[in-house]
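One point on numbering: in numbering that gives the first Met the number 0, the residue at position 14 of the sequence shown is 13, and numbering is uninterrupted. What follows is a short report on a single structure.
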Amino acid sequence: MRILCLDVGDKWVGVAVSDETKTLARGLSKIDRGEQETEKIKALITKYAVESVIYGLPLRMDGSISNQTEKTMAFIEKLKNDITIPFIPFDERMSSHQAETIMIEADLSRRKRKKFIDKLSAQIILQNYLDSIKEDEMEEF
């Protein structure tokens with residue numbers, strides 16, 4: 000079973016998926032908001048045998064809730080009405096900045112950065128989550 004990650008924005012949802020060992024994250028795509036996003040997400044859950052969905056929680060730097068946090072939570076609540084697997088929030092602070100930095104260092108044009116930012120951000124959020132659960136497992140050992 001795998002984990003899916005959603006990076007919810009106003010126009011798009013970046014999507015990433017873990018490998019079966021829950022060690023590595025891979026960016027998949029970005030989904031246009033308002034264009035059957037629930038059906039597309041359900042199809043990905045089925046295709047990749049997903050057991051849970053991580054979603055980036057866009058908190059302010061001080062940890063407080065922002066307008067974007069509320070929009071994300073409303074979108075996730077809508078998904079939960081149609082999708083019965085667990086949804087788990089994960090702090091996404093700095094993921095977009097980190098994704099942008101990676102793409103600038105890779106010398107990608109502004110056009111390509113815009114094309115890939117959402118799925119790379121989702122990949123970073125998911126990789127951070129996977130690393131955190133591996134750390135927890137190591138501490139229990």
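Virtual Cβ for every residue (Gly too), placed ideally from N, Cα, C. Source: prediction; values computed, not measured.
Using C-beta distances below 7 Å, list every residue in its chain close to residue i, excluding the 5 sequence neighbours before and after it, in chain order.
i, result
"Leu56", "Thr68, Thr71, Pro88, Phe89, Asp90 and Glu91"
What are the boundary residues of the beta strand (DSSP E) that residue i is part of?
i, result
"Ala15", "Trp11 to Ser17"
"Ile53", "Val49 to Leu56"
Just to confirm my understanding: we take residue i, look at its own chain, exclude 5 residues before and 5 after, and list those with CB closer than 8 Å. What are they?
i, result
"Arg1", "Val16, Ser17, Asp18, Glu19, Lys21, Tyr47, Ala48, Val49 and Glu50"
"Asp81", "Thr37 and Lys41"
"Ile84", "Ile44, Val49, Glu50, Ser51 and Val52"
"Lys10", "Asp31 and Arg32"
Cβ of residue i within 9 Å of Cβ of residue j?
i, j, result
"Val12", "Leu23", "no"
"Val7", "Ile116", "no"
"Lys118", "Ser28", "yes"
"Leu58", "Leu3", "no"
"Val14", "Gly26", "yes"
"Phe86", "Lys79", "yes"
Could you name the residues of the same chain whose beta carbon sits closer than 6 Å to that of residue i, not counting the 5 residues immediately before and after it, in chain order?
i, result
"Tyr128", "Ile53 and Phe89"
At what residues does the alpha helix (DSSP H) containing residue i begin and finish?
i, result
"Ile40", "Glu36 to Lys46"
"Leu27", "Segment Ala24 to Asp31 is the beta strand (DSSP E) holding Leu27; no alpha helix (DSSP H) there."
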